[in-house]
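In my numbering, the protein residues as written are 438 to 825. Ideal placement from N, C-alpha and C gives every residue a C-beta, glycine not left out. The structure presented is a predicted model; accordingly, all values stated were derived computationally and were not measured.
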């Protein structure tokens with residue numbers, strides 16, 4: 438079994454996506470992981486240590502997904518949750534009252550809300566810092582600091598954090614490191630190899646890829662965290678259902694092909710926006726003038742599919758959103774269809790306006806998740822919207 442696992446680990450990423458170890462049902466030879474639609478399992482011998490007894494604690498379908506993401510991220514064990522925020526919340530449940538967290542300042546709004554309104558009631562405090570500056574990260578250290586939460590590229594201004602630099606420093610101080618890898622996915626970025634302890638995903642986005650499943654995933658880097666995270670997952674019960682687990686696995690099989698196509702179009706869109714007179718600023722790590730490009734290229738194999746741009750005012754942003762015809766105007770990203778989002782009133786609505794503005798999340802900022810439509814059609818559509 439050990440040599441078989443090594444064979445899986447040594448294969449190219451595209452092959453791992455299709456052949457991950459649970460893709461064929463050993464009982465029937467079925468070419469798809471079965472959906473074990475069962476809440477409980479018969480125990481023929483109550484004295485035996487049976488692998489599955491109750492689906493909250495474990496289910497073969499969900500286990501296949503958890504093993505799948507573990508292989509892709511290169512971790513020790515994976516965990517599937519009901520949403521990305523459920524996965525992130527479970528990771529923070531590893532902390533205790535009195536602990537302190539250092540977090541990326543322009544983090545996803547849901548994570549900001551969790552840390553600023555819920556974890557505070559648990560007596561866990563957070564300092565939000567500009568993680569593009571390692572000195573600011575170091576300056577935020579307190580005697581009770583226990584964890585560092587990274588998001589790179591950040592959402593929605595796509596700032597870049599030097600992952601290895603932060604994790605090296607964090608290990609010197611025995612700090613737990615967590616990283617939201619939703620934007621990059623394990624195809625573009627593998628944080629565990631850069632020293633991160635827990636990698637998190639809103640699998641609703643690029644991993645699922647089709648706007649038809651809500652899910653969260655976590656992968657841990659060592660056996661100690663495996664035991665602790667399993668205890669939290671089982672204790673909270675915020676598991677992913679078996680049908681959604683199957684649907685997510687189906688989406689993940691095309692991840693590399695989708696990410697490569699997304700990125701080709703995103704690069705063209707970012708360049709086009711940079712030259713457009715109606716756009717004040719463009720945020721995309723693939724652009725030559727992006728301040729974090731060199732660091733991003735050191736730790737990632739691509740630039741991703743998300744492009745943010747500022748049209749100058751909230752009124753103008755709403756005009757663009759009202760006039761586009763191809764993208765969805767919606768909360769989310771990472772799908773086969775393009776999605777335009779307005780962070781000020783969608784993903785970061787929970788963040789006070791003054792806090793948003795400090796982080797560069799202006800009223801004129803629009804986030805474009807580039808889908809798989811033909812890029813010429815997307816550009817033509819956006820041109821007519823910007824002309825309005």
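In DSSP terms, what residue i is bridged to
| i | result |
| --- | --- |
| residue 804 | 745, 778 |
| residue 737 | Residue 737 pairs with nothing; no bridge assigned. |
| residue 537 | 562, 582 |
| residue 635 | 615, 657 |
| residue 517 | 654 |
| residue 477 | 491 |
| residue 587 | 616 |
| residue 765 | 776 |
Cβ-Cβ distance between residue i and residue j below 8 Å
| i | j | result |
| --- | --- | --- |
| residue 754 | residue 818 | no |
| residue 723 | residue 518 | no |
| residue 616 | residue 633 | yes |
| residue 763 | residue 780 | no |
| residue 716 | residue 822 | no |
| residue 637 | residue 602 | no |
| residue 537 | residue 579 | yes |
| residue 592 | residue 624 | no |
| residue 720 | residue 594 | yes |
| residue 808 | residue 775 | yes |
| residue 662 | residue 583 | no |
| residue 564 | residue 539 | yes |
| residue 684 | residue 812 | no |
| residue 647 | residue 688 | yes |
| residue 815 | residue 711 | no |
| residue 598 | residue 587 | yes |
Which listed residue (the options) has its alpha carbon closest to that of residue i
| i | options | result |
| --- | --- | --- |
| residue 475 | 489, 449, 484 | 489 |
| residue 619 | 525, 709, 687 | 525 |
| residue 682 | 650, 708, 660, 707 | 650 |
| residue 522 | 610, 781, 533, 550 | 550 |
| residue 494 | 676, 724, 730 | 676 |
| residue 659 | 805, 769, 511 | 511 |
| residue 837 | 484, 501, 450 | Residue numbering for the chain in the displayed model covers 438 to 825; residue 837 lies beyond these limits and cannot be assessed. |
| residue 783 | 802, 796, 772 | 802 |
| residue 471 | 679, 810, 698, 484 | 679 |
| residue 516 | 701, 656, 740, 813 | 656 |
| residue 741 | 749, 766, 698, 709 | 698 |
| residue 529 | 553, 733, 514 | 553 |
| residue 507 | 693, 481, 751, 629 | 629 |
| residue 454 | 674, 622, 734 | 622 |
| residue 704 | 627, 635, 497, 727 | 727 |
| residue 751 | 790, 736, 733, 768 | 790 |
| residue 581 | 462, 457, 610 | 610 |
| residue 768 | 725, 547, 527, 450 | 547 |
| residue 631 | 468, 498, 732 | 732 |
| residue 635 | 824, 585, 765 | 585 |
| residue 520 | 452, 645, 478, 479 | 645 |
| residue 696 | 773, 666, 484 | 773 |
Whole-number beta carbon distance between residue j and residue i, since they are thought to touch under 8 Å
| i | j | result |
| --- | --- | --- |
| residue 746 | residue 785 | With a Cβ gap of about 16 Å, residue 746 and residue 785 do not count as contacting. |
| residue 796 | residue 778 | Not a contact, Cβ separation roughly 16 Å. |
| residue 596 | residue 771 | Not a contact, Cβ separation roughly 19 Å. |
| residue 560 | residue 534 | 4 Å |
| residue 398 | residue 505 | Residue 398 cannot be examined here, being either before or after the span of the chain that is shown, 438 to 825. |
| residue 626 | residue 736 | 6 Å |
Closer than 7 Å: residue i CB and nearest the ligand FAD heavy atom
| i | result |
| --- | --- |
| residue 485 | Here there are no bound small molecules, and the ligand FAD is not part of this structure. |
Checklist entry - Going along the chain, which unbroken runs of the alpha helix (DSSP H) with 4 or more residues stay wholly within the region 676 to 720? => result You should have 679 to 689, 692 to 711.
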